Structures are given as C-alpha cells and as structure tokens.
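Residue numbers (my numbering), protein chains in the order written: chain B, 1 to 233; chain A, 234 to 848.
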C-alpha cells in the first residue's frame, strides 16, 4: 500500500539538504513505529520517495512524498504518528492513499512560489510595481543556465518566458520585502529555479534588489493530468 | 538575537548550512530572559566532530536539567562560514537561541586535542569576547575550559579565566551555583574568580599565579599572587558512577556525524598502564557503572533518540567486568527493536572475540586492533600487554567468523625504538595477511585487505614518557620510509600521520606559559583547524615560535632530566610523579608492569581500594 503525504519544510529547516531530509524521515519512520516497507538485501532501508526535492534554502508549505507500507494503514494514522516525532518546521499536513503507479517526481510539472525580494532603496520601492509591468512586454528572456555534460559544466542559453505560468506582484510585507507569486515549470520537462527568475527580473527590469536577500517559499506543486493541472493531493 | 536575514544570507553561501541551525531532536531551547545562569558549551572544532563527543551531551543535559540554568552550543564555524561572518559582521551565535555568544555568562571549552587551540581564539574573536583574560572587563563572558588537555593548562593560561581539572559533572554545577550566589550580592568578576579558586577543588585560575623560569628556560617554580588559594590543584573525580548524573537523551544531529548512534559510557579509568597513554593515567582509578544502571539508561537513550546501535564507550570496553552479561542483556532487552550493540575499542583477547561474535551477527565490517608497536621488546617498553600470539588468535578467529578486512594501529618514534622494531610493523601486517591466505581456499570469505596505520608518537604530560624527547621530523620520515618501501602488496596498505602535525602537538602538549604567545601569534597570522591536514599552516606556526621567542625543539625533542620541574607539576591527577618516573625507568629496561586489577602497582592514589575489587 502506498500513502502519499504532503508536508512542510519551513524556518531554519530549509537548510537541510535532501540527503539530510531522507535521513530524518528514515529515523522518524522507525521512531513513530508505522509499518513502512523495507527494501530487501544486505542493507535494508525504508521505501519512500520525495517528489521533486527542493533546493537548499527554499522553504515549502507543500512537499510531497510517497511511502510504501508492508500492510494496510489509515492515512490519518500515518500523519498523526509522523507528526509526533517530526521536528518543528517539518510537519505532515495531509495524507491519502495513492492509486497511481508512476512516481511522484515524474508527475510534478509546476510549482507555485512566493518570492520575497529586498529592494535596496526607497526610490526603487515606489517604482517597483510599474517596472514589473514591463515584464509582460518582453517577448523572450534569455538566461544562461549551467548544465553538466559528462564531466564538463557547460552554459546553455534558454528562454525562460515559456517556463513561467504566471507572475504577480502582491504587495510589500511587514518586514519590507516585495512579495511576488510565481507559477514556474518544474521537473524533467522544463524547470525554472525561482532564484534564476529573481536574477532575470533584476537584469531586465533593474529593480534595485539585493539578490542575496531573496526569500523563497514553495506554496504548492502541481501535476498535469489530461492537460489540466491539479494538486497531487 | 542576531539579525535573522543576515544569517539567512550567510547560510545561503556556505557548505552544509545545517551545521549552524540547531533545532535537532532533543536539543533544548529555554527562555534566556528567565535564566539565572547562561552557559555556552563549545567544542572547538566543526559541528560534526563536536557533536560526536560524549562529554558535550553529558554537560549539556546536566546544566539544562537545572530549572534556572541554560546551556546552549557553539562550534567552530568552518572556514567558509568564518569568511562570511566576518564580511557580514555577523557575531558568533548559539545554535539554540541564535543569541550572541558574548551575551552569555559563561563560555566553556572542552580541550580534547592541542591542535584545536587556535580555534578557541577564533571562537573568542568571532564572539567579540576579548582574547586575553586580562583584557576582559566586568560584564564580559567568563571563559572556562576543561577536558584532558586542561591537565597542562599553561599553554592557554592567557586566554582562559578558569580551568576545571578532572571530571565535570560535579564541579560544573558547583561553579555555576557559586556564580548565582555571587550575582545576588553585586557581582564582581575578580572576587568571583578568587572565590572559585579558594572554594572549589579542581578550579585553577591562572591569573592568580606566576610561573618562574631558570636561565635555561625550564621551570623553576610557581608563585601564588594571593593567599588562601591552593598550590596544588587536585583533579575532580566522581566516586560512584551509578548515582552520578548520566544523560538519558542525546541530541540527534541532522547531519551525518562520526558516530550516528547512542554512546553509553560503561566505566571510567583503565588498569592496563600503557606508558604512552595519558587517559590511562589521569582517569584513574577504574570505576564501573552497574549492569542494572546501564540497562535502565539504555532504554531511555534508545527511546529518546531512535538510534539503532548502542556503542559501549570507555577507554577499553572489553575490560568491563561483566561484559558478556551486559551485552547479552542489552541485546535481549532491545531485541524487538532490532537494536544492536557495538564496541569501539577492542583488545586482542578471547573474551572480546566471543562477545564480538555475538554482537556483529549481520554486518561483518572491518576489525581494528592496536598492537601499537611492531616488536615484543618495544611492546614491553610501552607496557602494551599484547603478544603476537594474542594477535594471531584474534585474527584467526575473526577470519573464521567471516571478517576479511583488518586494520592495525601502530606508533612510530616510541622510546628506545630501533629500525628492527619499526620493521616489526611490516612483519605483523604480513603475518595477518598470511593467516588469511594460509587457510584453505574454500574457507576464505570476502575480499581481504589489511591496513597498517602509523601515528607519530607525541609524549604527553602525566605519562611515564613525559621525560622523553620526541623523535625529530627526519627520524620520523626515515622510519616511515623504511616501512613504506618494504611494503609491496596490493592487499596491504600502509598509512602514516604527518610528522609536522605531531611535532606541533608535542610543542603545545608539554608547553609552558611562553607557548601561549606562540599560539596567539599563530592564530593572528591565520592558523585555524590545525588538526585538519588541509588547513595546517606549518610555516606560520614556525614563524610564530620565532616571534614568541621560543624554540620548538626545546619543548618537543628535548630529553628532560629526571629531576626537572614540569609546567604541569602543580596539577595532581592521582598517580604520583615518582610512580611515573619509576615506570619510565622500567620502560627503558624493557620491564613490564602488570594490570593493576591483578594487584596494586602503587601508582600513588591513596584511597583507591574503596572502588571495589576486580578479578
């Protein structure tokens, strides 16, 4: 039986690497006592996979994971048991029985992000909204993406415009950050990192932002089903 | 609290940012504003190393158990983090509250190895705490240090306000209680330091003493600068390990550390009397925890951590008087949770092999043995009571049980060592190989590999070899070369430590107050993480010796006269200087001394008999 869960990764725990997160879940399964299925062999480990791992430093309120169980178990039980042992910042928010056969990672196509930009001076703050309107007028936005090809790192020029589903300026928040919402392509069939988008915004629109201060949070991930996009849960 | 966004920005740029975030399972975050005493514990190395240190878990839980006290942690920021912190002017902060270290009452370092000393200065500097004790003012954090290297405190005398000598469970709370008492009636820094030195056994406040030298640079004596403070600092020791505080939980790191397991201390002290071993001398006498107490603790530790392995920790775990019973009871108690037991230090005897058979039923990883020296003659000199026959029996049995990878630890540069002794390293290593391949082909299980590792011997204070002049770099190199060139076999690997690090370690280990100037200079000129070969800046160290006006070989290579006063003679670790000298003389004759479980060897601990009889 496979259970699909949604979980958060917030606060300082955004600095856990994917590997650390895998270790955390492995330990949490064993501590919570839920009957997760183990691989056979010399060095057994629990069977689970996290869909489309986040880059280090990005928060998320909606990560997805599929866990395989040796016996039938109620999804609510999985959620409650895990939440008693998971740390503050990583919590399961929903769990359902998964009917699918394809892996989660291969299904996720879009991510919805909240991008918070730090505008360095007051003058740039007042003009930010206007400048951002100019984005829609750009036909194409080319950026250099670094790719690994064999042993070498090469730079590939890509147009990121088709990788953006939606981009919206919300408002300035309490701490003074400009809050943007962005729907970006994710996964094997095209991927845009939100940090690359922030950099492109600065390059093309001269917003006056301190890129190193950028705060990013994934709000949700989406799969494409019959050319409609929907949430994995 | 430090600036959250600044920290965020910095963490985005460093490797393994999880080193700096805290929030691990079983870490404790209290309200700092409600605490009467705020303590920061620091292991002066990178997070993963520090988190593997059992003493940290003990003191952390010990202090936090007190309702009005807080203990948080800080480690040495890795070089990339230091660079970012300096450029962003981000002060060093604790993992729990992300509060500046300098806003705490105490900063306590554990001194586990000399090559971490420059990290201590770096931690002070990054915290904004004055490096030198004499520059600290009222309100500045009080800097404390303890641990094995504190037994020779003088090389750090300028930087540390209070040394605590010996086991920390009691003295730490006594010190913090005294602080609380002083705070009630208008706190004065100096008055507190003096009172601690006067009232608490094991406390050494270096600023209250001077060291006086002879013309040749050796120590002539010491002088107290005020009355009523002890001339001799007696180490602290816990008498009953069953009733003392033992941690019932351990912080579980997110990052992979050196030991990802429960570490459970089963006894303190060691009775073998190996003459090179400082721990074997300073932690005497031997005191065990009972099987019942260990079973009780193991349950709480496994429950709170979720770890699946319990490591039985001590100086020589196979010596535990009821090892077999302990191991089988532990396995039985935790059988439903698949919890395993591991023994980190093995001796070459049949009992340990029997126990090993029981605990390592599944995974046949490598086995490690430490003959320490290549010839029987030299093993007698160092009093390592292990024979070639012991090695043969143990290894043969291990091969029969399915092990195929063996590691052997040796030291080079031991007193009286000859080329023949050194070549014994090769001989023993090949003996292990032959024992594997001389078995019938169908009985050889696995892919055989033997690794011999040689470290360069560093004479330490409070050992019978404290008089011994360390081998020079050239001597080390030629002896290493001898072994290295003689090994030509793809089943046999020979590793060795860098003699340069061992030389620096030897200078600092037996250093006096003059050496502290060199440590300061070395740090000022960029030395940190000296224990990490990729960061060791040897030339800067040599320049620092020169700038401080000291000759490194005076401390490392000089053969001491038998009546020399040592910089650490004012510390009393239990065993007497005359005992150590007697052992040194016996060593030079190749005479062995029996394990003191078999009968007292007169080390000078006066009321030792009360700790029970072992046989």
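Using N, Cα and C, we set each Cβ at its ideal position, and we do this for glycine too. As the structure is a prediction and not an experimental result, all values here were calculated from the model.
- DSSP, read as helix, strand or coil, puts residue 103(B) in coil.
- Taking 8 Å as the Cβ-Cβ cut-off, the segment 518-536 of chain A has no residue approaching chain B.
- Between residue 684(A) and residue 640(A), the C-beta gap is smaller than 9 Å, which places the two residues in contact.
- Rounded to whole angstroms, the gap between the alpha carbons of residue 131(B) and residue 326(A) is 39 Å.
- The beta-carbon of residue 543(A) is placed no less than 9 Å from the nearest beta-carbon of chain B.
- The beta-carbon of residue 574(A) is placed no less than 9 Å from the nearest beta-carbon of chain B.
- Note on residue 443(A): under 16 other CB atoms within 10 angstroms of its CB, so exposed under the neighbour-count rule.
- Secondary structure in the segment 421-498 of chain A: the beta strand (DSSP E) runs of 3 residues or longer, each lying completely within the stretch, are 442-446, 452-457, 495-498 in chain order.
- Leaving aside the five residues that flank residue 287(A) on each side, the residues in its chain whose CB is nearer than 8 Å to its CB run, in chain order, 496, 498, 546.
- Under the three-state reduction of DSSP, residue 728(A) is assigned to strand.
- At a cut-off of 9 Å between beta carbons, residue 254(A) contacts chain B.
- Proximity of chain B to residue 238(A) at the Cβ level (cut-off 7 Å) is accounted for by 213, in chain order.
- Around the CB of residue 207(B), 16 or more other CB atoms lie within 10 Å, so the residue is classed as buried.
- If the five residues before and after residue 280(A) are omitted, its C-beta is found closer than 6 Å to the C-beta atoms of 252, 308, all from its own chain and listed in chain order.
- Remark: fewer than three beta-carbon pairs, one from each stretch, lie closer than 8 Å, so the segment 148-156 of chain B and the segment 104-124 of chain B are not flagged as touching.
- The C-beta distance from residue 654(A) to residue 611(A) rounds to 4 Å, short enough to meet the 8 Å contact threshold.
- Residue contact check for residue 257(A) against chain B: a CB pair falls below 9 Å.
- For secondary structure counted as the beta strand (DSSP E) over 3 or more consecutive residues, the segment 64-109 of chain B holds these complete runs in sequence order: 92-97.
- For residue 165(B), the enclosing beta strand (DSSP E) has its first and last residue at 164-172.
- Among the CB atoms of chain A, one or more fall inside 9 Å of the CB of residue 87(B).
- The Cβ neighbour count for residue 385(A), taken over all protein chains shown within 10 Å, is at least 16; the residue is labelled buried.
- Distance check between residue 631(A) and each of 666(A), 615(A), 649(A) places 666(A) closest, using alpha-carbon atoms only.
- Contact of residue 17(B) with chain A is assigned, a C-beta pair being separated by under 9 Å.
- Proximity of chain A to residue 51(B) at the Cβ level (cut-off 9 Å) is not reached, the minimal Cβ distance being about 21 Å.
- If you draw a straight line from the Cα of residue 98(B) to the Cα of residue 255(A), it comes to about 34 Å.
- Taken through DSSP and simplified to helix, strand or coil, residue 545(A) comes out as strand.
- Ranked by Cα distance from residue 483(A), the options 473(A), 539(A), 514(A) are led by 539(A).
- Residue contact with chain A for residue 118(B): present (Cβ-Cβ distance below 9 Å to some residue of chain A).
- Using a 10 angstroms sphere on the CB of residue 397(A), the tally of other CB atoms reaches 16 or more, which defines it as buried.
- CA-CA distance, residue 156(B) to residue 164(B), rounds to 18 Å.
- With fewer than 16 other beta carbons inside 10 angstroms of its own, residue 123(B) counts as exposed.
- Here the C-alpha atom of residue 604(A) lies approximately 8 Å from the C-alpha atom of residue 620(A).
- At a cut-off of 9 Å between C-beta atoms, residue 218(B) does not count as an interface residue with respect to chain A.
- Here the alpha carbon of residue 820(A) sits roughly 34 Å from the alpha carbon of residue 351(A).
- In summary, no residue of the segment 165-198 of chain B has a CB separated from any CB of chain A by less than 7 Å.
- Boundaries for residue 324(A): no alpha helix (DSSP H) harbours it, and the DSSP string shows neither H nor E there.
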